[in-house]
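So the structure is just underneath, and the comments pick up after that.
Chains as they are written, first to last, in our numbering: chain Y, 1 to 113; chain L, 1 to 113.
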């Protein structure tokens, strides 16, 4: 079974803090993705990575950065958290071996106060 | 650009009722189409998919047919159960090895006994 794990299910941070969200997949997938999920807006792509150290902006990259130093790990960084970044964050991975089907982690609900 | 439009929710049905969730899309070429399901407190998981026109995807009693002439991919189930209560997302991925997926806003389904 493909496993995508995220470092925290729930996180509470203060405005201005630097926040790291970690995602790990165990299926040797080339692609990894970070989305945020908000009511009425569905899933919006923040960043994705198609290889180690490679990244591409998604639809809403402002206020976020990412890091992929190893194939299995993809980190989302909020340099200076703001209240409008309170959301559910979902990580996903996909690879040629699975026909590029996206597999999702359980999500991290981040609250910025 | 690509877009997916699905019916607004929430949808409330009695157990054993017939379910239809409408989904239409805008994309060039021949995208692959998906339905994902998100159970409470979990990430998304793939429910079914179709990769070319007139394909029918099916899983767990759910079905959807890829209709290129109407650019639609409506989700149906003949008899819903309480355990089907979840949020359903329609999504597309462009053809040609393009790995990003565009999601609809999601439709919440509540099935009451």
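The beta-carbon is built from N, C-alpha and C at its ideal position, and this holds for glycine as well.
Quantities reported herein were computed from a predicted structural model and do not represent experimental measurements.
Cutting at 7 Å between CB atoms, please list the residues of its own chain near residue 102 (chain L), excluding the five before and the five after it.
Within the same chain, residue 102 (chain L) has close Cβ partners 2, 3, 4, 91 and 92.
Skipping 5 residues on each side, what residues in its chain have a beta carbon closer than 7 Å to that of residue 27 (chain L)?
The beta carbon of residue 27 (chain L) is closer than 7 Å to those of 2, 92 and 94 in its chain, skipping five residues each way along the sequence.
Cβ-Cβ separation, residue 108 (chain Y) to residue 86 (chain Y) (assumed contact under 8 Å), whole Å
Not really, about 12 Å apart at Cβ, beyond 8 Å.
Chain-ordered neighbours of residue 94 (chain Y) on chain L, where CB pairs are closer than 7 Å:
Listed by position along chain L, the residues whose Cβ is nearer than 7 Å to that of residue 94 (chain Y) are 99.
Over the uninterrupted beta strand (DSSP E) stretch that includes residue 88 (chain Y), give me the two end residues.
That run of the beta strand (DSSP E) goes 87-94.
Opening and closing residue of the beta strand (DSSP E) in which residue 6 (chain Y) lies
4-6 is the span of the beta strand (DSSP E), which, as asked, contains residue 6 (chain Y).
For residue 78 (chain Y), list the residues DSSP reports as bridge partners.
For residue 78 (chain Y), the beta-bridge partners assigned by DSSP are Y:19 and Y:64.
Within the same chain, show all residues whose beta-carbon is closer than 7 Å to that of residue 106 (chain Y), passing over the 5 residues directly before and after it, in chain order.
6 and 9.
Got a sec: is the Cβ-Cβ distance from residue 45 (chain L) to anything in chain Y below 8 Å?
So yes, residue 45 (chain L) belongs to the interface.
Going by alpha carbons, who is nearest to residue 133 (chain L) out of L:68, L:76, L:23 and L:72?
Not covered by the structure: residue 133 (chain L). The range shown for chain L is 1 to 113.
Residue 70 (chain L) versus chain Y: which residues are under 7 Å apart at the beta carbon?
The premise fails here: residue 70 (chain L) is roughly 22 Å from chain Y at the closest Cβ pair, so nothing lies under 7 Å.
My guess is that residue 57 (chain Y) and residue 68 (chain Y) are in contact by the Cβ rule of under 8 Å, so how many angstroms apart are they, rounded?
About 14 Å separates the beta carbons of residue 57 (chain Y) and residue 68 (chain Y), which is beyond the 8 Å limit, so they are not a contact pair.
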